[in-house]
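Asker: Residue numbers (the working numbering): 41 to 370. Glycine included, C-beta positions come from ideal geometry on N, C-alpha and C. As the structure is a computational prediction, the values presented were derived from the model and not from experiment.
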């Protein structure tokens, strides 16, 4: 199916110019999918494969670069308040959903890594508005393996108001840790729109606080969701996705853990692995996009098949597993 690509700049409530993009099927879309990208990433180039793939299967896909990310204005990768990102996404997604041509279409959130946290928080702003969420290696906390020492966190907290934009937070190379395929890894590293320096102080602490808050409120998640995670992910811990699956109040929830795969499920694996991941995502979306429940009542579609769903590749790992008490992580 042919896909049309469009770009547009909008201004947020703080007067900052933000980049938006969309991938549209040439016929009327099955449903709307709203992209929430990861920390330091962007939509137009990095998520092009995702947008194109979903649009080629009939979905209208919309992306927005957060303030300070990608082509949007603002200090590079500086997150003064995580709520600013959530509010910008919420306002833009609502604006698109209200257009005449989309009013009767189902609405799905799609978040990768930090974007998974954004998607969950966007959902919480209006829990009855969304019909589902695809959460790829979501950041409900950050793995202990890439977290600074507690003493470092304590020191940084003491000086955050003095030097909020300083790039002083010690961290490992996330690109090396996230993307398994060497050729794809270097292609991603060559994308100058992706932030590749040390995290700014305030940004790092906002990510920490957001992950801690999400960790404590996983039971408040009610949206139908499909959470996907690489078993060998060392950026966001797959145990966190298992905890989300176990604790969420959603009646319609699905989890799949991919053996041997890393953090970058949709961009950093072999082409064959990426095809498998997208096949699972599209299958999940297709089933819920064709549901007979009305678009104005997402909760009706959640109750139609409320049995918890676990993929066959995850059953062995989940047997005998109990949700751990998660610790805060950077």
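Please determine if the region 234-244 and the region 203-223 are in contact, where contact requires at least 3 C-beta pairs separated by less than 8 Å.
Answerer: Result yes; three or more Cβ-Cβ pairs closer than 8 Å.
Asker: What's the call for residue 67, buried or exposed, on a 16-neighbour Cβ count within 10 Å?
Answerer: Against the chain shown, residue 67 aligns to sequence position 27. By the 10 Å Cβ count, residue 67 comes out exposed.
Asker: Based on the DSSP output, what are the partners of residue 57 in its beta bridges?
Answerer: For the purposes of this step, residue 57 is taken as residue 17 along the chain shown, with counting starting at 1. Partner(s): 51.
Asker: Thinking just about the alpha-carbon of each residue, which of 126, 56, 121, 59 is nearest to the one in residue 245?
Answerer: Position 205 of the chain shown, counted from the start, is the residue given in the question as residue 245. Among 126, 56, 121, 59, the Cα nearest to that of residue 245 belongs to 121.
Asker: What residues in its chain sit with their C-beta under 8 Å from that of residue 303, if we drop five residues either side in the sequence?
Answerer: Residue numbering aside, residue 303 sits at position 263 when the chain shown is read from its first letter. Counting only Cβ-Cβ distances below 8 Å, and skipping sequence neighbours, we find 153, 177, 217, 218, 219, 270, 273, 274, 275, 276.
Asker: Tell me the rounded alpha-carbon separation between residue 45 and residue 134.
Answerer: Reading the chain shown from its first residue, position 5 is the one you call residue 45. Reading the chain shown from its first residue, position 94 is the one you call residue 134. Straight-line Cα distance between these residues: approximately 20 Å.
Asker: Can you say whether residue 107 is buried or exposed, counting buried as having 16 or more other CB atoms within 10 angstroms of its CB?
Answerer: On the chain shown, residue 107 is found 67 positions in, with the first residue counted as 1. With 16 or more other Cβ atoms within 10 Å, it is buried.
Asker: Should residue 157 and residue 250 be called a contact, given that it needs their Cβ atoms to be closer than 8 Å?
Answerer: Taking the first residue of the chain shown as position 1, residue 157 is located at position 117. Taking the first residue of the chain shown as position 1, residue 250 is located at position 210. Yes, Cβ-Cβ distance for residue 157 and residue 250 is below 8 Å.
Asker: Taking 7 Å as the limit between beta carbons, can you name the residues of its chain near residue 281, skipping five residues before and five after?
Answerer: For this step, residue 281 is matched to residue 241 along the chain shown. Excluding residues within five positions, the ones whose Cβ falls inside 7 Å are 178, 267, 269, 295.
Asker: What are the start and end residues of the beta strand (DSSP E) that includes residue 125?
Answerer: In the chain shown, residue 125 corresponds to position 85, counting from 1. Where residue 125 is concerned, there is no enclosing beta strand (DSSP E), although the alpha helix (DSSP H) it sits in stretches over 122-137.
Asker: In the DSSP assignment, what are the bridge partners of residue 297?
Answerer: By 1-based counting over the chain shown, the position of residue 297 is 257. Answer is 269.
Asker: Sorted by chain position, which residues of the same chain lie with C-beta nearer than 6 Å to residue 61's C-beta, five sequence neighbours on each side aside?
Answerer: Residue mapping note: residue 61 aligns to position 21 of the chain shown, counting from 1. So the qualifying residues of the chain are 47, 83, 84, 103.
Asker: Looking at the secondary structure, which residues open and close the beta strand (DSSP E) in which residue 304 lies?
Answerer: As a working note, residue 304 is residue 264 in the chain shown. Counting along the chain, residue 304 falls outside any beta strand (DSSP E), and DSSP gives it neither H nor E.
Asker: Suppose the cutoff is 8 Å on Cβ atoms and the five residues either side in sequence are ignored; what does the same chain contact list for residue 300 look like?
Answerer: For this step, residue 300 is matched to residue 260 along the chain shown. Taken in chain order, the residues that qualify are 270, 271, 272.
Asker: Taking DSSP's pairing of strands, which residues face residue 150 in a bridge?
Answerer: Here the question's residue 150 lines up with position 110 in the chain shown. Answer by DSSP bridge pairing, in chain order: 75, 174.
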